[in-house]
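Read in order, the letters of the sequence shown correspond to residues 104 to 462 in the working numbering. By construction, the Cβ of each residue, glycine as well, lies at the ideal position given by its N, Cα and C atoms. From a predicted model like this one, the values you see are computed outputs, not experimental measurements. Notes to accompany the following structure.
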Amino acid sequence: MQYILKPIYHRFKVEEFASQDFFDHRGTLLLGKGQKVTSSLASFLNRQTIYSLHCECDFPSSVSGELHASLLIHFPRTAPWLQRVYFETALIKQELLSEAVRFIDQLVDHLSLHPAFSLDFEQLQTSDKVTYKHSVNVALLSYIIGKSMNYKGEKLRRLTLSALIHDIGKLDIPEEILNKPGALSSEEFEIIRTHPAKGVARSADLLLPESVLTAILQHHERWNGSGYPQGLAGLDISTSAQIMAVADVFDALITDRPYHAPLPPYHALEILFKGCGTDFSPEVLKALFCMIQLYPPDSFVTLNSGEAGIVLRFTYPNLTQPKIQVLFDPFGNPVEKELIIDLAEDPSRYICTMHHRVG
Ligand SMILES: [Fe+2]
């Protein structure tokens, strides 16, 4: 026996008391049994599909579960390593996600036939799964940013290949340093900083294009010159390396590492955005934001103040500061009167969590 959510078709009326618990499609409780429906709640609930809980024998998979399962079947080399957040958050459109996974899967398939390269790649897959998973995800995001910047054909392939092997030099870094919980000593950090050059040295026999080697070497450079190993700045950094820097940091932030807990993807994007023009190329960040859905209208969010509500709209460059219609106060009580907060004009409030997307 399983509990499942089933859509119900009910028009909620103001002042009505809920006859049972009502949920969204992810199972988030929207209206508890016996709770009175306010006018703002009624308009919120009547704009989306509402579910109630039923007991049944068969448990259908969710939409994101179906997508994940289908990618696993069709692209076994890549899909199992992808971050689950890409399936769960709808951050990237489903068609684009499938296209990127297919592209990387074919690339991995092709590389595995290369006698010299396959040894390194297999070692990466078996000895350092964290780095391998990270590499697949950096390749995914780099591909998506590249598409947004009109990369095509061989140029797009080289960018994705560079991203896929950008950390291959970590095979030459001792594991106790690579996966050390807590802060690194300055000596250990100096060893870590050698991995881009070590990656290039490892790739020397593979007859890779110069642009790929350059991107591997420069993926830790920063837009303002504060990166390593060469301290390059601005357009002196190859565009592919600028793209990989953004993808690399984003994936590191949303991943559970020995030295930090994973951040929600929308927090990671806010951190990237704060580094616009200092750490990261503004053009690359704009290309990334063009391809993702950060807080789509009707997303349900909780603010640091404890209030919760739905996203009304946002405008570039205030992608992380949309207008919010507050539905619940910090104590979870429904808000009776219409309350709209413009986060761009209220620096004391910001989005903490996004519970789901509706509609
Ligand atoms: Fe790296």
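Three-state secondary structure assigned by DSSP to residue i
i: residue 270; result: coil
i: residue 154; result: strand
i: residue 164; result: Bear in mind that a pLDDT of 41 at residue 164, under 50, signals an unreliable position, so the model cannot answer this.
i: residue 124; result: coil
i: residue 239; result: helix
i: residue 482; result: There is no way to answer for residue 482, as the model of the chain reaches only from 104 to 462.
i: residue 411; result: strand
i: residue 428; result: strand
i: residue 159; result: For residue 159, the pLDDT reaches just 45, beneath the cut-off of 50, and the residue's location in the model is therefore unreliable, leaving the point undetermined.
i: residue 445; result: strand
i: residue 117; result: coil
i: residue 178; result: coil
i: residue 319; result: helix
i: residue 404; result: strand
i: residue 456; result: strand
i: residue 284; result: coil
i: residue 111; result: strand
i: residue 356; result: helix
i: residue 340; result: coil
i: residue 276; result: coil
i: residue 259; result: helix
i: residue 437; result: strand
i: residue 216; result: coil
i: residue 133; result: strand
C-alpha distance - residue i paired with residue j, whole-angstrom precision
i: residue 248; j: residue 264; result: 14 Å
i: residue 223; j: residue 266; result: 15 Å
i: residue 415; j: residue 428; result: 7 Å
i: residue 235; j: residue 177; result: 19 Å
i: residue 373; j: residue 357; result: 12 Å
i: residue 106; j: residue 155; result: Here residue 106 scores only 47 on pLDDT, less than 50, and its place in the model should not be relied on; the value that follows carries that caveat. Their backbone Cα atoms lie some 10 Å apart in a straight line.
i: residue 408; j: residue 299; result: 42 Å
i: residue 349; j: residue 227; result: 22 Å
i: residue 141; j: residue 277; result: 60 Å
i: residue 246; j: residue 203; result: 7 Å
i: residue 200; j: residue 119; result: 42 Å
i: residue 330; j: residue 308; result: 27 Å
i: residue 217; j: residue 269; result: 17 Å
i: residue 355; j: residue 365; result: 8 Å
i: residue 334; j: residue 443; result: 45 Å
i: residue 194; j: residue 207; result: 19 Å
i: residue 109; j: residue 190; result: 21 Å
i: residue 210; j: residue 188; result: 23 Å
i: residue 456; j: residue 135; result: 21 Å
i: residue 233; j: residue 138; result: 46 Å
i: residue 261; j: residue 447; result: 39 Å
i: residue 340; j: residue 452; result: 36 Å
i: residue 225; j: residue 213; result: 13 Å
i: residue 280; j: residue 454; result: 35 Å
i: residue 402; j: residue 412; result: 8 Å
Nearest to residue i (by Cα), restricted to the options the options
i: residue 347; options: 318, 328 and 399; result: 318
i: residue 332; options: 352, 295, 338 and 356; result: 295
i: residue 301; options: 198, 224 and 272; result: 272
i: residue 389; options: 219, 200, 251 and 221; result: 251
i: residue 215; options: 262, 385, 190 and 180; result: 180
i: residue 345; options: 133, 356, 320 and 406; result: 320
i: residue 322; options: 439, 457 and 384; result: 384
i: residue 342; options: 314, 232 and 353; result: 314
i: residue 433; options: 425, 404 and 450; result: 404
i: residue 377; options: 444, 190, 334 and 423; result: 423
i: residue 151; options: 125, 139, 218 and 174; result: 125
i: residue 386; options: 195, 338 and 411; result: 338
i: residue 425; options: 406, 440 and 435; result: 406
i: residue 220; options: 194, 198 and 303; result: 303
Nearest-angstrom beta carbon gap, residue j and residue i [assumed within contact, 8 Å]
i: residue 274; j: residue 325; result: That belief does not hold up - the Cβ atoms of residue 274 and residue 325 are roughly 24 Å apart, past 8 Å.
i: residue 143; j: residue 430; result: 6 Å
i: residue 353; j: residue 244; result: 6 Å
i: residue 382; j: residue 436; result: Between residue 436 and residue 382 the Cβ distance is about 41 Å, and since that is not below 8 Å, they are no contact.
Any chain B beta carbon closer than 8 Å to residue i
i: residue 152; result: This model lacks chain B altogether, as it is built from one protein chain only.
Using 8 Å as the threshold, is the segment 111-121 in touch with the segment 140-149, meaning 3 or more CB pairs across them?
The segment 111-121 and the segment 140-149 touch, with no fewer than 3 CB-CB distances between them shorter than 8 Å.
With three or more C-beta pairs closer than 8 Å as the rule, is the segment 393-401 touching the segment 365-372?
Segments in contact, yes.
Would the segment 244-258 and the segment 281-290 be scored as touching if the rule is three or more Cβ pairs under 8 Å?
Under the three-pair Cβ rule at 8 Å, the segment 244-258 does not count as touching the segment 281-290.
Does the count of Cβ pairs from the segment 181-196 and the segment 224-240 closer than 8 Å reach three?
Short answer: they touch.
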